[in-house]
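Using full-length UniProt numbering, you'd call the opening residue of the sequence shown number 1 and step up by one each time.
From the three backbone atoms N, C-alpha and C, an ideal C-beta is built for every residue, glycine too.
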Amino acid sequence: MSDMVSKTVSRQSTNMSSNETFAETEEAPTYAPSIPVPNVQELVREDPLQVPQRYVRDQEDRPKDTDMSHLSSLIPVIDLSLLLMGNEDELNKLDLACQEWGFFQVVNHGVTNELLQKMKDSAAEFFDLPLEEKNKYAMPSNDIHGYGHAYVVSEDQILDWSDALILLIMGMEKEALLKLHKQLVHGYRMNYYPPCSKPDQVLGVSPHSDTSTITILMQDDYICGLQIQHKEEWVPVNPIPNALVVNVGDVIEILSNGKYKSINHRAVANPEKARMSYVSFLVPHDEVEIEPLDHMVNPQNPQKIYNKVKYGEYLRNSMKMKMEGKAHTKMAKIDTIA
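Below is the structure:
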């Protein structure tokens with residue numbers, strides 16, 4: 001396994017913080033337990049035609065045959081180099097993207113193609129390991145970091161057609177968000193979606209919004225699997241080579257008093273090819289209190305629709321639930337508005 005993944009997984013497998021802010025002997029915070037479930041990659045290796053009943057969705061939750069790919073070209077593409085130059089048109093474009101879509105793709109972001117490819121190669125190397133090697137980094141019984149499946153809260157829950165490696169990296173010191181977050185937590189998740197003989201009956205990841213501030217996703221360049229919910233339709237996010245997908249998380253929705261939306265999204269399976277995705281979650285520190293910013297309560301939006309919530313409590317409560325759309329955001333909404 002490559003050094004980049006190996007060192008990070010080894011550090012997380014001991015449940016220790018990687019930042020000097022935490023004492024050498026102090027454990028990083030835990031988040032939520034998840035019930036162990038079968039490894040999907042191994043199920044497919046043993047029998048490519050098998051789709052156990054635990055993965056089969058109810059009829060109303062299955063991917064539909066309706067093709068909404070014509071809407072993919074409408075998903076905003078933001079040129080980060082123009083934003084950095086203060087281009088007002090690009091800034092307005094970003095504003096509308098966060099209001100109307102909650103998702104956009106970023107080009108000219110400054111991350112080298114070589115680094116992006118190295119991340120993909122490292123993740124692929126991990127998932128190619130024998131199961132006994134991957135299981136050395138299995139999720140502990142009381143947390144969701146490591147190799148396995150998150151958000152599994154009951155034995156009769158319908159499962160996602162994917163496996164994941166989740167890493168938690170504490171204490172990113174980036175000034176842009178530091179004032180709001182005091183200390184950033186960076187979560188990194190690599191998803192592996194094996195091919196599925198019955199892709200119309202399963203979902204790679206259940207519909208959900210992200211509990212993050214923002215989420216940054218790198219897709220496989222030529223396999224589409226991500227779909228976002230837009231005006232009650234599921235719209236595929238067609239990959240743009242070397243672009244990054246960015247989406248608004250629940251924290252931004254709360255801070256903006258609902259002006260910017262964290263949007264439901266899901267992943268679908270491919271009948272022929274495995275697909276991987278690489279996701280970075282930027283989230284506040286546990287003790288930070290999140291509420292609508294004063295200037296976001298204005299004549300156009302005169303009433304607060306969210307309570308003040310302590311982020312750590314909000315995050316852990318959401319992790320105790322199965323992924324079910326935006327149901328977890330009700331915990332933060334003011335009762336008279338919810």
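CA-to-CA distance, residue j to residue i, given in whole angstroms
{"i": "H149", "j": "E232", "result": "28 angstroms"}
{"i": "N108", "j": "V40", "result": "35 angstroms"}
{"i": "M331", "j": "D121", "result": "39 angstroms"}
{"i": "D79", "j": "G110", "result": "10 angstroms"}
{"i": "Q300", "j": "A274", "result": "46 angstroms"}
{"i": "E100", "j": "L94", "result": "10 angstroms"}
{"i": "S197", "j": "G102", "result": "32 angstroms"}
{"i": "S13", "j": "R316", "result": "Low confidence applies here, because S13 scores a pLDDT of 43, under 50, leaving its location unreliable; read the following figure in that light. Each residue's alpha carbon lies about 20 angstroms from the other."}
Identity of the residues DSSP links to residue i by a beta bridge
{"i": "Y192", "result": "D163, M276"}
{"i": "T215", "result": "N247, F281"}
{"i": "A138", "result": "Y147"}
{"i": "P302", "result": "Answer is none; P302 lacks a bridge partner."}
{"i": "E233", "result": "H230"}
{"i": "G225", "result": "For G225, which the question treats as bridged, DSSP gives no partner whatsoever."}
{"i": "L168", "result": "G187"}
{"i": "residue 339", "result": "With the chain covering only 1 through 338, there is no way to say anything about residue 339."}
Per-residue DSSP class, three states only, for residue i
{"i": "Q53", "result": "helix"}
{"i": "A269", "result": "coil"}
{"i": "N92", "result": "helix"}
{"i": "G187", "result": "strand"}
{"i": "V106", "result": "strand"}
{"i": "Y31", "result": "coil"}
{"i": "P290", "result": "A quick correction: the sequence has Ile, not Pro, at residue 290. If DSSP states are grouped into helix, strand and coil, I290 belongs with the strands."}
{"i": "L71", "result": "helix"}
{"i": "K308", "result": "coil"}
{"i": "K333", "result": "strand"}
{"i": "A23", "result": "With a pLDDT of 34 at A23, under the threshold of 50, the predicted position of this residue should be treated as unreliable, though the coordinate-derived value follows. Reduced to three states, the DSSP call for A23 is coil."}
{"i": "N87", "result": "coil"}
{"i": "D61", "result": "helix"}
Element boundaries [alpha helix (DSSP H), containing residue i]
{"i": "Q41", "result": "40-46"}
{"i": "S197", "result": "It is not in any alpha helix (DSSP H) - S197 carries neither H nor E in the DSSP assignment."}
{"i": "S122", "result": "113-127"}
Continuous beta strand (DSSP E) stretch holding residue i: start and end
{"i": "D79", "result": "77-79"}
{"i": "H208", "result": "205-208"}
Measuring CB atoms only, is the region 151-163 touching the region 229-243, in the sense that at least three cross pairs come out at less than 8 angstroms? no
For the 8 angstroms Cβ check, are there 3 or more pairs between the region 266-279 and the region 189-204? yes
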